[in-house]
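Residue numbers (the working numbering): 1175 to 1426.
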């Protein structure tokens, strides 16, 4: 078993720093793989990736194809034509798509609109608290992985490497926040943002109301509405979700 696989097995309940370290190891592994592509054909890896994507789409006609996708933190990676076509056609043919994104992508209006379209089409999308390299894994058999930002996708067919990426995706997925509930009902007015910041900083109702120039009753009404919008069971959970979704500055 590779060192990455052993590292994953030893994690138990992985922490976010540990997952970030594994993500870097996976990206380095992809870099080594893509480095083996012959120089005379710099588009060879992309050609292979297109062939894999076409085969997956074709397989949807006789079986359910399940894919796990993660994206790096830039709109350029998300707007990759190959991956967009793969997801669109898989969903249209009854495939299952599970996507992990970072909150950075939500700041781009075009990207957010496209994510909403994919969600409406049936994709399950979560916002990750941990950045992962751009990657697609299907059914634990084959993967596509970018070694760095803007790098071409490299085909990974080794079952162990594919399994590691899939397990990494599962671990981050379990600690991520659903995209749809908050962003479908979210209105980014200044008052809501300030209330969310107060919630995330753990202010008492009295202090928050005083700093925001509201009555305590009005402040609590805003809090109740935001908890419902974020589908959060507590103020702490609302603050965490708001930060993960990029609705507020996590460092504020």
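C-beta: ideal position from N, C-alpha, C; glycine also.
Source: prediction; values computed, not measured.
Item: So residue 1264 and residue 1226 are supposed to be a Cβ contact under 8 Å. How far apart are they, rounded?; Value: That pair is no contact at about 12 Å.
Item: Tell me which same chain residues have a C-beta within less than 7 Å of the C-beta of residue 1224, skipping the five on either side of it?; Value: 1256
Item: What do you get for residue 1408, buried or exposed, if any count of 16 or more other CB atoms within 10 angstroms of its CB means buried?; Value: exposed
Item: Measuring only from the beta carbon, is residue 1251 closer than 7 Å to any heavy atom that is part of the ligand NAP?; Value: In the structure on display, the ligand NAP does not appear, and there are no ligands present to speak of.
Item: Just list the beta strand (DSSP E) runs in the segment 1271 to 1354, keeping only unbroken ones of 3 residues or longer that don't cross its boundaries, in chain order.; Value: 1298 to 1301, 1309 to 1312, 1316 to 1320, 1327 to 1330
Item: What is the rounded straight-line gap between the Cα of residue 1290 and the Cα of residue 1283?; Value: 11 Å
Item: Using the beta-carbon count (16 or more within 10 Å), is residue 1315 buried or exposed?; Value: exposed
Item: Nearest-angstrom Cα distance between residue 1327 and residue 1302?; Value: 21 Å
Item: In its own chain, which residues sit with a C-beta less than 6 Å from the C-beta of residue 1296, not counting the 5 before and 5 after it?; Value: 1265
Item: In angstroms, rounded to a whole number, what distance separates the CA positions of residue 1422 and residue 1236?; Value: 44 Å
Item: Nearest by alpha-carbon distance to residue 1410: which of 1372, 1393, 1396, 1346 is it?; Value: 1372
Item: What three-state label does DSSP hand residue 1217 in the structure shown?; Value: For residue 1217, the predicted structure reports a pLDDT of 46, less than 50, and the residue's modelled location is therefore unreliable. The matter cannot be settled from this model.
Item: Determine whether the beta carbon atoms of residue 1285 and residue 1249 lie at a separation below 8 Å.; Value: yes
Item: To the nearest whole angstrom, what separates the beta carbons of residue 1230 and residue 1260, a pair I think is in contact under 8 Å?; Value: 7 Å
Item: Consult DSSP for residue 1211 and reduce its assignment to one of helix, strand or coil.; Value: Low local confidence applies: a pLDDT of 41 at residue 1211 is under 50, so the model's placement there is unreliable, with the coordinate-based value given in what follows. In this structure, residue 1211 counts as coil in the three-state DSSP scheme.
Item: What's the call for residue 1232, buried or exposed, on a 16-neighbour Cβ count within 10 Å?; Value: exposed
Item: CB-CB under 6 Å to residue 1216, same chain, minus the five flanking residues each way: which ones, in chain order?; Value: Unreliable placement is indicated for residue 1216, whose pLDDT of 42 sits below 50; no coordinate value is reported for it.
Item: Does the beta-carbon distance from residue 1393 to residue 1402 come in below 8 Å?; Value: no
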